[in-house]
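Mapped onto the numbering used here, the consecutive letters of the sequence shown carry residue numbers 24 to 619. Glycine included, every Cβ here is placed at the ideal spot set by N, Cα and C. Below is one structure, written out as C-alpha cells; comments come after it.
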Amino acid sequence: MALALPWLLAALAALAMWRAFVRARAEAWPRWRTLGVLALQPLLALLLGLALLPPLRPAAPESLVLLTAGAIAPQTLAPGERLLALPEAGDTEGATRVPDLATALRRHPGARQLRVLGEGLPARDEVAARTLPMDFEPGAPPTGLVALDWPARLPAGARFEVRGRLAEGEGLRLELRDAAGRSLATTAPDAQGRFSLAASAGDPGTMAFELRLLGADEEPRQRQALPFEALPGAPHRLWLMSGAPNPELRALRRWALDAGLDLHTQMALGGGVSIGDGARPVNAATLAETDLLLLDERAWRALGPGGRAAVDAAVAEGMGLLLRLTGPLSAAEREALRAQGFVLEPGEGPRAVALPPALSPEASVQDPLVPVLSRWPDRLTAPGGGVLLADAAGEPLAAWQAQGAGRRGVWLLSDSFRWAQAGYPQAHARLWADAIATLARPRETTTLSLPPRAFAGERAALCGLAHDARLLSPDGTETRLRIDPATGAARCAAAWPTQPGWHRVRSAGTDQAWPVLAAEAMPGVRAQERREATQELAAFAPTPREGDTPPPERGPRWPWWLAWLAAAALAWALERRIQETGSGSLISGPQGPGNK
C-alpha cells in the first residue's frame, strides 16, 4: 500500500488538474485564478499523502514499567520510563491501562527494555515478552496452596492421587472429601510443604471432590473444588468364573456393575450346573470378546486342558487373566505356574494381612472395627514381572507377568469383600480397579485433547476437533468452535468460556465433559505459576545491545491534516464564483450575463 500510494495520489492530482483546466476554459476563468487552482492540486495530493503516511522520525528509546496483579507502583520513574498497567493490576494513579503486552509494544515502538512488577505475566503475554530484555521484580510470595494437581478424567472406580504443595505447612493438615461431604483421606504436608492424598473415582459421571486446608483448630482455612469425570465409556469386558458361589465374587460383581463394566458372571454349582449370566463356551471367539478373565483355582481346573490352552492363546493375543488362589494347589499346578513365571512356596493356612495406609480405609486409624483382611499363605514371587499388590511390609499379595500381547496375574488376597460389607466400598473398589486397569486388554477410545484445567474468562485451546465441533455452556448456550488452520494435524480451536461449571464439547459424535473453574479459583496456585513463568522469561530474555536504537517511527498526522484542510479550503474558494463587491475583494468570478 505504501508503495502504491504515490502513484495513486499522482493520478488523483492529474485528474483534478485536468478537471480544473476544462472547467476554467468553459467558464473563462481569469489566468491568475486558473493557475492558482491548478497549482493547488499537486499540493493537496502531497499533503494528503503526508497525512496518511507521515514522515519517519527517530524514535526516542523508552523503558516500559508494567504493573501486573498485586503490583505496587514505584514512587518515581527514571527518565524515559513509561508506567503501564495490565487489566489484572489494581487501580494505580498515573498508569496507562493496556489490554495486554502486545498492545503496549505497538503503542510504544521505541520500547527497548521491560520491567515487570507484581505477580508476573499471564500466559497471554508470554510470547510478546520474549522480544525484549526484561527485568522481573516479584511482589510478596503467594500463601496457602501454591501447587495442585489431580486427574481430570479417569476410569470409573480407578484410584487417583491429589498432589500439591503449601507455601507454609507447619501446623496444617489437608483433607479430601467426596461430593457427599464424607472424608476420604487426610494428611499433613512434609517439611517442604508437599502432600499427596489418594481416593477412588467412584461411579461413572461428573463430580467434584473438595480439598480442605485445615488449621490447628480443625477449621477450614481454604477450600478448593476438584472437578473430574469418571468415565463409563468403552468399559472393560470382564468375565468372572468361580468354582462355587462366594461372597468375594458377589462383592466383586456388584462393584463391576456399579463401575459400568461389561460383565459376564458364571458360578458353578456342580454336576455341570451354573448360575449367573449363563454358561458360555471357552473358545477363541468368546475369549476375543473378553478383556479380562478372572477365575479361581477350581474354575481353572474345570476348564480342562483344551480350555486352558485356549485361554493361554487368548492371553498371548492381548487378553488379561487373573487367577485367584483360595485353596491348595497340586504339585503339577505349581509347576505349571512356575513355567509361566510365578513361584509359589507353600505356607500354613490363611493369615491376616495389613495393607499400606494408602490402600486401607481412612477410618481404620480411628475405628478398630474396620475388618482385617486375610490372604492365602503361599509366598508369591514373579521374577522379571511386576507386583500388582503388596502388604504394608512389601510382601507381594498379587503379581503379574507379560505373555505375548497380554498379561496374566496371580492373586492371594482372600476376603476383600469384608471392606465393602463394613461400609468402605471405595477402598474395596480401589483394590480391584487398579488390578483390572493393569491386566485387562486396553480399549481404544476416542477422546478430545482438552486442557485439564481452565478458568472462566481465560482463553483455552481445544484440540482434536472435527469441523462440526460445538461448545455447550452450563446455561445451554452453544458456540461453534472454528479450527485454526495454523494448528495443522492437531486441529485446535480457541475457546473463551465466560462462566464456571461443566461444559460439553461435541465433535464428530464425541460428547466430552470439560470442567471450567471460577475466575477466582486457586489464587495461590495461579500466582505461583505466573511468578515462576515470568522468572523463567526474565532469565532467558535477550540481553540489551550497546548502541541499539529503536526503529524510526512516523510523526503525528494532525499537522498535515490541518495543512491539507487549509489548502482544500483555499482551492474551494478559488473555484467559487464570488461577485466582486469592492476594492478589497480578493476573488472575482467571471462576468456572465446574469452578473451584470
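C-alpha distance - residue i paired with residue j, whole-angstrom precision
i: PRO78; j: TRP583; result: 10 Å
i: LEU382; j: LEU261; result: 23 Å
i: GLU191; j: LEU360; result: 52 Å
i: THR404; j: PRO508; result: 54 Å
i: ALA163; j: LEU128; result: 27 Å
i: THR119; j: GLY93; result: 16 Å
i: VAL410; j: GLY350; result: 21 Å
i: GLY364; j: GLN424; result: 7 Å
i: GLU543; j: LEU87; result: 28 Å
i: ALA267; j: PRO174; result: 39 Å
i: LEU286; j: ARG182; result: 20 Å
i: PRO380; j: THR99; result: 57 Å
i: ALA416; j: ARG549; result: 39 Å
i: GLY133; j: GLU85; result: 6 Å
i: TRP525; j: ALA101; result: 48 Å
i: GLY103; j: ALA561; result: 21 Å
i: PRO122; j: PRO110; result: 6 Å
i: GLU160; j: PRO474; result: 30 Å
i: TRP442; j: PHE563; result: 54 Å
i: PRO243; j: THR166; result: 15 Å
i: ARG196; j: SER219; result: 11 Å
i: VAL185; j: ALA375; result: 30 Å
i: ARG493; j: MET230; result: 22 Å
i: GLY429; j: ALA332; result: 15 Å
Close beta carbons around residue i, own chain, < 6 Å, minus the five adjacent residues each side
i: TRP587; result: LEU70, LEU71 and ALA74
i: ASP300; result: HIS287 and THR288
i: ARG453; result: ARG182 and SER223
i: GLN389; result: With a pLDDT of 48 at GLN389, under the threshold of 50, the predicted position of this residue should be treated as unreliable, and no value is reported.
i: ARG580; result: ALA74 and PRO77
Closest residue to residue i among the options (Cα-Cα distance)
i: THR91; options: VAL548, ARG357, THR521 and GLY113; result: GLY113
i: ARG495; options: TRP537, ILE506 and ALA509; result: Residue identity check: residue 495 is Leu in the sequence provided, not Arg. Nearest option by C-alpha distance: TRP537.
i: ALA590; options: PRO567, GLY59, TRP55 and ALA34; result: GLY59
i: VAL366; options: TRP434, ALA274 and THR126; result: TRP434
i: ALA541; options: GLN535, LEU236 and PRO523; result: PRO523
i: LEU236; options: ARG246, ARG464, PRO65 and THR309; result: ARG246
i: ALA179; options: ARG273, LEU280, GLU198 and GLY103; result: LEU280
i: LEU348; options: TRP278, GLN444 and SER437; result: SER437
i: ARG529; options: GLU111, THR500, LEU488 and ARG514; result: LEU488
i: PRO520; options: THR510, ASP498, GLY511 and ALA531; result: ASP498
i: ALA125; options: ALA36, TRP455 and ARG153; result: ARG153
i: LEU315; options: ARG188, ALA146 and TRP455; result: TRP455
i: GLY228; options: ALA282, VAL139, THR309 and ARG476; result: ALA282
i: PRO106; options: ARG138, ARG80, ARG357 and LEU76; result: According to the sequence as given, residue 106 is Leu; it is not Pro. Of ARG138, ARG80, ARG357 and LEU76, the residue nearest in Cα terms is ARG138.
i: GLN426; options: LEU220, ALA339 and THR470; result: ALA339
i: GLY329; options: GLU312, ALA307, THR313 and GLY341; result: ALA307
i: ALA513; options: ALA594, ARG441, LEU471 and THR115; result: LEU471
i: PRO394; options: GLU371, ALA428 and HIS451; result: HIS451
i: VAL150; options: GLU559, TRP581 and LEU597; result: GLU559
i: PRO406; options: ALA333, ALA362 and ALA564; result: ALA362
i: ALA337; options: GLU555, PRO250 and ALA311; result: ALA311
i: MET157; options: GLU358, PRO567, ALA202 and GLY141; result: PRO567
i: TRP278; options: MET545, GLU501, TYR447 and ARG493; result: TYR447
i: ARG147; options: ALA594, THR557, ARG56 and ALA492; result: THR557
i: GLU356; options: ARG324, THR500 and ALA332; result: ARG324
i: PRO4; options: VAL45, ALA483, ARG374 and HIS131; result: The chain is shown only over 24 to 619; residue 4 falls outside these bounds and no answer can be derived.
Spatial neighbours of residue i in its chain, beta-carbon cut-off 8 Å, leaving aside the 5 residues before and after
i: GLY194; result: GLY238 and ALA239
i: GLY432; result: GLY343, LEU344, LEU345, LEU346, LEU411, ALA421, ALA422, TRP423, GLN424, ALA458, THR461 and LEU462
i: LEU392; result: ALA445
Where the beta strand (DSSP E) containing residue i begins and where it ends
i: MET342; result: Where MET342 is concerned, there is no enclosing beta strand (DSSP E), given that its DSSP letter is neither H nor E.
i: HIS526; result: 524–530
i: VAL88; result: 85–90
i: TRP442; result: Note, TRP442: premise wrong, no beta strand (DSSP E); alpha helix (DSSP H) at 440–444.
i: TRP434; result: 429–434
Own chain, CB closer than 7 Å to residue i, minus 5 neighbours either side, in chain order
i: ARG505; result: ALA516
i: ALA302; result: GLN289
i: ALA413; result: PRO419 and LEU420
Supposed close pair residue i, residue j - CB separation, criterion 8 Å
i: GLN449; j: SER265; result: The pair is not a contact, with the Cβ atoms about 24 Å apart (cut-off 8 Å).
i: LEU66; j: MET40; result: The pair is not a contact, with the Cβ atoms about 11 Å apart (cut-off 8 Å).
i: ALA27; j: ALA68; result: With 8 Å as the limit, ALA27 and ALA68 do not qualify as a contact, their Cβ atoms being about 14 Å apart.
Continuous alpha helix (DSSP H) stretch holding residue i: start and end
i: GLU559; result: 546–562
i: ASP457; result: 448–462
i: ARG582; result: Note on residue identity: the sequence assigns Pro, not Arg, to residue 582. Note, PRO582: alpha helix (DSSP H), 581–598.
i: PHE218; result: Note, PHE218: premise wrong, no alpha helix (DSSP H); beta strand (DSSP E) at 217–223.
i: THR57; result: 54–75
i: LEU261; result: Per DSSP, LEU261 belongs to no alpha helix (DSSP H); it is in the beta strand (DSSP E), 260–265.
i: ARG273; result: 270–281
i: GLU320; result: 320–325
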